Structures are given as structure tokens and as C-alpha cells.
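Enquirer: The structure that follows is given in the form of C-alpha cells.
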Amino acid sequence: MSDKLVIGGRQIDSRLFMGTGKFADYRLIPEVIRASKAQVVTVALRRVDFGTPEENMLKYLPPDIILMPNTSGARNAAEAIRIARIAREAGCGNWVKIEIVSDQKYLMPDNFETVKAIEVLVKEGFIVLPYMSPDLMAAKRMAEAGAAAIMPLGAPIGTNRGLKTRELIQILISEIDLPIIVDAGIGRPSEAAEAMEIGAAAVLVNTAVATADNPVLMAEAFGLAVEAGRKAYLSGPGSTQRFAEASSPLTGFLRNEESEK
Amino acid sequence: MTFYDEILRLKDTDYSAVFERVTPSQIDSILAKTELQPLDFLALLSPKASFALEQIAQSAHRLTLQHFGHTILLYTPLYLSNYCVNQCLYCGFNATNDIHRRKLTLPEVELEAKAIAQTGLQHLLILTGESRQHSPVSYIKECVSVLRKYFSSISIEIYPLSTEEYAELIDAGVDGLTIYQEVYDERIYDQLHPKGPKRDYRFRLEAPERAGQARIRAINIGALLGLGEWRSEVFLAGMHLAYLQQKFPEIEISISFPRMRPQLGDYRPEFHVSDRDLVQSILACRLFMPRAGITISTRESAELRDNLIRLGVTKMSAGSSTSIGGHTDAKDSIGQFEISDKRSVDEMRQTIAKLGYKPVLKDWHDLSWGGKKDNETVSIS
Amino acid sequence: MMQVKINGAVAELPDNCSVKELLLARKLPPDVVIIELNGEIINRGKWESLKLNPNDSLELIRIISGG
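Protein chains in written order, with my numbering: chain A, 1 to 261; chain B, 1001 to 1381; chain C, 2001 to 2067.
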């Protein structure tokens, strides 16, 4: 039984997605990515800052990774769409993580605007992975709009509080037939493992690694935790029902009996 | 305060009213709970719950794995004597039945023991009819001292004793008690036990508690399904189990679901208990009492027993015989009931293993045994 | 000199300034920057030839780290 993650037609071997933000030094990034074994890496777009000398961030990324530019900064669908197009033009590939946040206090994503952005971008051939607040109906709309995966937050961005939204994420995992990638809020490898154990397809981690005392070691820890969590999920009692096709009913042998009173 | 007080309290339970109110979503929420209340247990025994049987089975299966893993304990019964003074209408050993009465001598007991021990089994259940003349406590004690050399665990399924008598047997090496109330409905009980000491409903009902006070290690109870209306009977048996667990938290409790089988005599059970009903009973008990053992004897067919393994059963008999001396010579000896599953211990072990479970032959070793007697070594060739 | 909006702020640029000249003047390595002129992304190949007009609105964007 193969356990492969396929998104947008591409096979992803690592279920840990790595964010590149908040690092003290760009030079850590390639080591971090290597230690984590992450294959999908997020980047962002910003206006050039004339005051600071510009480094080309892309040169710090290994050549064989999948770039996932995010639309952070966008406050509505139109802005997110624009950023996605720019990113593609810039050579970032056609993956995009939609991140639409107009709430500056908690950085909660706007599910409604996100649906609109997905609708447009999918038609333009993007592989869209929306970052969202775990609401089942919103996720359904996003799936209908053509999203390639759903990325519910575990806890608000940067808070490192773990799977505060665990119950809601579990509902998405049960009900939505797309990879569910937990994004935001994961502060510890054990939390990443937890997300994987309950059936997440992958997790995206950024702050926890970037702000660790030893980001490279932490990245390695996360990589291992995601693997462990996935294996636990595959070997757990629930998974035998997913993979053992229409798992053998326990009371099927009673079928021929007439039911009593 | 004994379980009899509980029986009185539960006497007026309006089962139909409870069953009427059961809904599918109630079943869902019961299955989501970690600790079931008596009313939840009763709902799971309702006719409506029968429609959700597969769903309930999945829960029970997982719960059993959690608490017991993939193990099934094997044991066998040894009938020491079928002398009996009672006239229970439903029993093959009824005093009025004209059968060959026999009681094993100690050398015969030893032969039986050797034969059984050969199979590897270490858990034994010894049974007698009720006769303080032919199979008094002293006789049972002597048998136990022989058997102790061969088996690491000996349970008794005999007539109810006093606390002191239980203590005596425990001292001799008995570590488990099996006693079925037969039928919890007192009115039906009176009808089925017209003569003999077994008429005393309360004395029998309170036997497990006396054994508990005597510090027995394990207690197994149950109702003989078919004698009374099975849903209420299983409910009361389950409540009995819960009561015992509450009162004696250190005791290993378990429940059996003996179903009336053809036996000598005119009695035919009044209530029909289908395979589905039996399954529902087992599942409901498993969910109500997650840590209680569940035993299935060879009254049931091989096929049914195999299917029950994944439904919450933790203990099964193997290589059984219900006749006296049945493990060595079974000539013209009528058993207490007809055995359905006639497989040998080896066959059982193989079947269990094939189903993905591990057959366990020895689960217990009493280190304190032998402290007061000569420490004879166990020899099993 | 003409007025051109760059990243939302008004700037004074020499007439007929090309995009490439602008980048040089601001010391911006071309491989880092993405140019959006009046809402349209401009292909790198056109930077040298494309001349800016008064009141053009330019967005200079780069890829940075992000989560």
C-alpha cells in the first residue's frame, strides 16, 4: 500500500512544508530545509524596500523544491489574485497559498474572500492551497471552487499554541476529500505529530523552527515528528478502516438471521 | 446492603418505556461516551439498537482491543460429580432425571488432570451438582489439592457456599468463582426451581459477594439466556457485574452468556434468544463494562464462537466435555448439556491464531500457593 | 523630469527613463525584482526598451521569506 501525497498532479514525498519567514539569517534556510527534508517551501512577495540592500532570497533555496508563494499582505480577494499572478510571473511556479488577512489583531484569515480568490485563480491554472479558519462549510466551498488542498489553522499565526482547533480539523479530515494541511499554530514537533496522527495530510511549520535556538535541529525534529505521526496514523485502529477496503463487517455473519422482537 | 436490594430497586423498571424512547442519535451519543450509565446500557439492549449493531460492534471491538489486546484465554471445565438434589426444570442433572450418577475418585481426578494438562491448558473450571452428601466442600477441597499440581488457576462452579466455606476453598487453592443466577426474574426463578436448596434465590444471588468477602481473585456471573426475557436478564446481569466491581474493585470480574441448549428432560426454554440477540448482549456488556471479561462456552457452535472472538469475548472453553470423567473416558455418561463446539485445544489455538488473536493458556500464577502445603512440582509431559 | 508613482510614493524621474535605468539608479539587482507597470507585469526582456511616462504607477516587488 503506497502512501503518497499528491497535490496538483505532483507527488510530494515529505509531509512537512516549511515556511521561510522570521529567520534571523537567510543562510540558515538551506540548512533548515535540508534537515527537515521539506519539499514544499513557502515564500512571500513584498514591495522592494529602497532603504535596504536586496538579497535574492531564491538563491538560498535548493533547486529541487516546490515553491509555494503565499499572498500574505492581501486583505481581499483582488489583492491576493494580483499577488498570485505576480508570483507566477516572477517564476515561482503555479502553486499559491492564499492568505487573505484583514484582521491585524489575530491575523485570522478571511474565508469568504478566500473562496472568491480560489474561484478566479483556479480558472487561471493555479494550484491553489488556501489558508483558512477551520469551518466546514467554508472548506466545502473552497473544495467546490477547485482548491487542491485545504490549509486550516491550528492556532492563530505565530502563537505556537498547538492544535487549538483540533476538533474542527478532525471534521475537515472526515468530511473533505482533499489533503488537509495544518498550517499555523504548530509550536512543537509533538503537535505536528498530533496533527498527522489525526489524519492531516501534511503540516506547514514556520515560526516554531525560525525562532528556535537551534533552527536546524528543530527542523530535523519536525521532519521526524511528521514521519512518526503519519506512520502512527497509518497503523492505528482507525486507519484499518480507511485502507482495508470496506473493512470486514463484524456482524455480517448474522445477516441470514431474522431479527427478533 | 447486597445486590438483592438493587434487584428490588430495579424490579419496577419499565423496560418498554425505555426502549420506546431510544433513537439512532441517542445510540450515536452513547457510542461516543467513555463511560456508560445504566440507562445507556439498557438503550444498547433495546430492539432499536439492533439496527445499529455493526456500528456498536465496531466500538466494542476497538474497546476490547484497548483493554485486552489480541488475546483469548482458554480454559476447560471438569465435571467432578453430577449428584444433585435440586430439581431445576431446565437442567440435565435434575434429581428426577434418571441418569447414571457418578463422582470422580481422587485417582480419577488425577487422570483427568493429566489428560487436560497434556493439552497445555492451565486454567480449569471444576463443576459439581449440588449435593452436600456426595460432593461436600471437603471432597471439593481434596480434588483441588490434586488439581493444584497441574493447573495454575482453578475456578469453581458449584452450589453457593458460605463465606467461611469459600475461604476454605480459596485457602486450598481456588482462585475463581463462577456462579450463574440462571434467571434474575425472581418469579420465573421460583417456577424453575421447585425443589431443593437452590430454591433460595437470595442465597444464590449473594454468593459472589460472600466469595468476594473471602477475598477470591476472580468472579464470573451470568444469566442462562432463554429462561427469562433476555433483554432484562442481560441488563440485570450487567448491573450485577457493575455492582460487584464497585463493591470489590480488586476482583477480576467477568460475565458469561450461556444460552439454553438441548439437554435431557422435557423443559424447553420459553424465550427465544437468536444469535443476533446474543451478539447484542455481548456488545452492550462490553461497552457498559469495558474491563470485564466475557466468556463464551462450547454451548455455542464453532462458527458462532469464531465470529464472536472479535466482538468482545476474552475467554473461551476448549476441549470441553460436560460429562463426568469426560476427558478420559466418556462411556455412557450423559453430560449436563450438549456441547456444540467439539474442537480440541489445538484446533482452538490454531483457529484463534488464524483470526489474528493470541491464544493464552496461562494467565495467572499464584506465588503464594504452596506456602502451607508441600511444594510439589508441576509436571506436564 | 517627470512624476511617477513608485510603490505608492511619488518620485521624480528623468524624462524617458527606462525601467532598466530606474533599477540601476536605485541600485536594485534586476534578478531580484518583479515589475508591475500600471497593473501589468512587465516581462524582463522589455525592461531596457520600455520607457516610463508621466503619472505611471510602478510596483517593484521582490520575493522574500515568508510562512
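Ideal placement from N, C-alpha and C gives every residue a C-beta, glycine not left out. Everything numeric in this text was worked out from a predicted model, so none of it was measured.
If the cut is a Cβ gap below 8 Å, which residues of chain A does SER2049(C) touch?
Expert: As a position in the third sequence, residue 2049(C) is number 49, starting the count at 1. Chain A residues near SER2049(C): none, gap ~18 Å exceeds 8 Å.
Enquirer: Using 9 Å as the threshold, is the C-beta distance between ILE1158(B) and ILE1126(B) below it?
Expert: Here the question's residue 1158(B) lines up with position 158 in the second sequence. Here the question's residue 1126(B) lines up with position 126 in the second sequence. For ILE1158(B) and ILE1126(B), yes; Cβs fall inside 9 Å.
Enquirer: Using DSSP with H/G/I as helix, E/B as strand and the rest coil, what is THR251(A)?
Expert: Numbered from 1 along the first sequence, position 251 holds the residue referred to as residue 251(A). Three-state result, THR251(A): coil.
Enquirer: Say the cut is 8 Å; is the CB of GLY223(A) nearer than that to a heavy atom of the ligand MN?
Expert: Among the components modelled here there is no ligand, and therefore nothing to report on the ligand MN.
Enquirer: Measuring CA to CA, which of GLU79(A), CYS92(A) and GLY91(A) is closest to SER102(A)?
Expert: In the first sequence, counting from the first residue as 1, residue 102(A) sits at position 102. Considering only alpha carbons, the answer is GLU79(A).
Enquirer: Nearest to ILE2063(C) by alpha carbon, out of ASP64(A), ASP3(A) and ARG88(A)?
Expert: On the third sequence, residue 2063(C) is found 63 positions in, with the first residue counted as 1. Ranking the options by Cα distance to ILE2063(C), first place goes to ARG88(A).
Enquirer: Identify every residue that forms a DSSP beta bridge with HIS1134(B).
Expert: As a first step, residue 1134(B) is located in the second sequence; it is residue number 134 there, counting from the start. Paired residue(s): none; HIS1134(B) is not in a bridge.
Enquirer: So SER2018(C) contacts chain A; which residues on that side make the cut at Cβ distance below 8 Å?
Expert: Taking the third sequence and counting its residues from 1, the one referred to as residue 2018(C) is at position 18. Those do not exist, as SER2018(C) stays about 17 Å from chain A at its closest Cβ, beyond 8 Å.
Enquirer: Could you name the residues of chain E that GLN1246(B) contacts, counting a contact when the two beta carbons are closer than 7 Å?
Expert: Included in the structure are the protein chains A, B and C, with no chain E among them.
Enquirer: Go to ASP1182(B), then tell me how far its beta strand (DSSP E) extends in each direction, as first and last residue.
Expert: Position 182 of the second sequence, counted from the start, is the residue given in the question as residue 1182(B). At residue 1182(B) the sequence reads Glu, which differs from the Asp that was named. Element bounds for GLU1182(B): 1176-1182.
Enquirer: Measuring alpha carbon to alpha carbon, tell me which of ALA44(A), VAL216(A), GLY229(A) and ILE180(A) ends up nearest SER36(A).
Expert: Counting from 1 along the first sequence, the entry for residue 36(A) is found at position 36. Minimum Cα distance to SER36(A) is reached at VAL216(A).
Enquirer: Which of the three DSSP states is assigned to SER14(A) in this structure?
Expert: To locate residue 14(A), count along the first sequence from 1; it is residue 14. SER14(A): coil per DSSP, three-state reduction.
Enquirer: When you compare each of ALA1117(B), ALA1242(B), GLU1252(B) and TYR1139(B) to THR1076(B) by their alpha carbons, which one comes out closest?
Expert: Translated into the one-based positions of the second sequence, residue 1076(B) becomes position 76. Ranking ALA1117(B), ALA1242(B), GLU1252(B) and TYR1139(B) by Cα distance to THR1076(B) puts ALA1117(B) first.
Enquirer: Going by C-alpha distance, which of LEU2037(C), SER2065(C) and ASP2031(C) is nearest LEU2050(C)?
Expert: For the purposes of this step, residue 2050(C) is taken as residue 50 along the third sequence, with counting starting at 1. Among LEU2037(C), SER2065(C) and ASP2031(C), the Cα nearest to that of LEU2050(C) belongs to LEU2037(C).
Enquirer: Assuming the contact rule is C-beta atoms closer than 8 Å, LEU1089(B) and TYR1267(B) should be a hit. Round their C-beta distance to whole Å, please.
Expert: Translated into positions along the second sequence, residue 1089(B) becomes position 89. Translated into positions along the second sequence, residue 1267(B) becomes position 267. The pair is a contact, with the Cβ atoms about 5 Å apart (cut-off 8 Å).
Enquirer: For ARG47(A), which of VAL40(A), SER72(A) and ILE66(A) has the nearest alpha-carbon?
Expert: Taking the first sequence and counting its residues from 1, one reaches residue 47(A) at position 47. Out of VAL40(A), SER72(A) and ILE66(A), SER72(A) has the C-alpha closest to the C-alpha of ARG47(A).
Enquirer: When Cβ atoms are compared, which residues of the segment 6-19 of chain A fall closer than 8 Å to chain C?
Expert: Answer set for the segment 6-19 of chain A: GLY19.
Enquirer: Tell me whether PRO1942(C) sits in a helix, a strand or coil according to DSSP, three-state version.
Expert: Shown here, chain C extends from 2001 to 2067; a query on residue 1942(C) therefore has no answer.
Enquirer: Could you check whether the Cβ of ASN76(A) sits closer than 9 Å to any Cβ belonging to chain C?
Expert: Within the first sequence, numbered from 1, the residue matching residue 76(A) stands at position 76. With 9 Å as the cut-off, ASN76(A) does not count as an interface residue toward chain C.
Enquirer: Give the C-beta separation of LEU1355(B) and ASP1275(B) to the nearest angstrom, bearing in mind that I take them to be a contact with Cβ-Cβ under 8 Å.
Expert: In the second sequence, counting from the first residue as 1, residue 1355(B) sits at position 355. In the second sequence, counting from the first residue as 1, residue 1275(B) sits at position 275. Incorrect: roughly 18 Å between the Cβ atoms, too far for contact.
Enquirer: Do LEU1304(B) and LEU1287(B) have their C-beta atoms closer together than 9 Å?
Expert: Working through the second sequence from its first residue, we reach residue 1304(B) at position 304. Working through the second sequence from its first residue, we reach residue 1287(B) at position 287. No. Outside cutoff.
Enquirer: Rounded to a whole number of angstroms, what is the C-alpha to C-alpha distance between ILE1219(B) and TYR1166(B)?
Expert: Your numbering for residue 1219(B) matches position 219 in the second sequence. Your numbering for residue 1166(B) matches position 166 in the second sequence. Cα-Cα distance, rounded: 12 Å.
Enquirer: Using a Cβ-Cβ cutoff of less than 6 Å, which residues in the same chain neighbour ALA244(A) once the five nearest sequence positions on both sides are dropped?
Expert: Translated into the one-based positions of the first sequence, residue 244(A) becomes position 244. Residue placement at ALA244(A) cannot be trusted, given a pLDDT of 38 that sits under 50; what the coordinates show is reported in the next sentence. If we look at ALA244(A) and ignore the five residues flanking it on each side, it has no Cβ neighbours.
Enquirer: Can you tell which of VAL1313(B), GLY1120(B), ARG1148(B) and ILE1251(B) has the C-alpha that lies nearest to the C-alpha of GLN1280(B)?
Expert: Here the question's residue 1280(B) lines up with position 280 in the second sequence. Nearest option by C-alpha distance: VAL1313(B).
Enquirer: Report yes or no: is there a C-beta of chain C within less than 9 Å of the C-beta of LYS22(A)?
Expert: Numbered from 1 along the first sequence, position 22 holds the residue referred to as residue 22(A). Chain C contact via Cβ: present.
Enquirer: Would you say PHE1203(B) and PRO1160(B) are within 9 Å of each other, going by their C-beta atoms?
Expert: Within the second sequence, residue 1203(B) is the residue found at index 203, counting from 1. Within the second sequence, residue 1160(B) is the residue found at index 160, counting from 1. Result yes, Cβ atoms of PHE1203(B) and PRO1160(B) sit closer than 9 Å.
Enquirer: Can you name the residues of chain A whose CB is closer than 7 Å to the CB of GLN1058(B)?
Expert: As a position in the second sequence, residue 1058(B) is number 58, starting the count at 1. Those are LEU250, listed as they occur along chain A.
Enquirer: To the nearest angstrom, how far is the alpha carbon of GLN1181(B) from that of ILE169(A)?
Expert: For the purposes of this step, residue 1181(B) is identified with residue 181 of the second sequence, where counting begins at 1. For the purposes of this step, residue 169(A) is identified with residue 169 of the first sequence, where counting begins at 1. Their Cα atoms are separated by approximately 49 Å.
Enquirer: Near PRO189(A), which residues of its chain fall below 6 Å by C-beta distance, leaving aside the five closest residues on each side in sequence?
Expert: As a position in the first sequence, residue 189(A) is number 189, starting the count at 1. Result list for PRO189(A): ALA221, PHE222 and ALA225, in chain order.
Enquirer: Which residues does DSSP pair with ALA1211(B) in a beta bridge?
Expert: Taking the first residue of the second sequence as position 1, residue 1211(B) is located at position 211. According to DSSP, which records beta bridges pairwise, ALA1211(B) is partnered with nothing at all.
Enquirer: Give the DSSP-derived three-state secondary structure of GLY162(A) in the structure shown.
Expert: For the purposes of this step, residue 162(A) is taken as residue 162 along the first sequence, with counting starting at 1. The answer is coil: DSSP assigns GLY162(A) none of H, G, I, E or B.
Enquirer: Roughly how many whole angstroms lie between the Cα atoms of ILE181(A) and LEU1224(B)?
Expert: Taking the first sequence and counting its residues from 1, one reaches residue 181(A) at position 181. Taking the second sequence and counting its residues from 1, one reaches residue 1224(B) at position 224. Approximately 54 Å between the Cα atoms of the pair.
Enquirer: What residues from chain A crowd round VAL2032(C), counting only those whose CB sits closer than 9 Å?
Expert: As a working note, residue 2032(C) is residue 32 in the third sequence. The contacting residues are VAL48, GLU54, GLU55, ASN56, MET57 and LEU58.
Enquirer: According to the Cβ coordinates, are VAL96(A) and MET68(A) closer than 9 Å?
Expert: Here the question's residue 96(A) lines up with position 96 in the first sequence. Here the question's residue 68(A) lines up with position 68 in the first sequence. Contact flag set, yes.
Enquirer: For the segment 1269-1288 of chain B, enumerate the residues whose C-beta is nearer than 7 Å to any C-beta of chain A, in chain order.
Expert: Hits within the stretch, in order: HIS1272, SER1274, ASP1275, ARG1276, ASP1277 and VAL1279.
Enquirer: For the 8 Å Cβ check, are there 3 or more pairs between the segment 1020-1037 of chain B and the segment 1002-1012 of chain B?
Expert: Touching, no, given that fewer than three Cβ pairs across the two stretches are closer than 8 Å.
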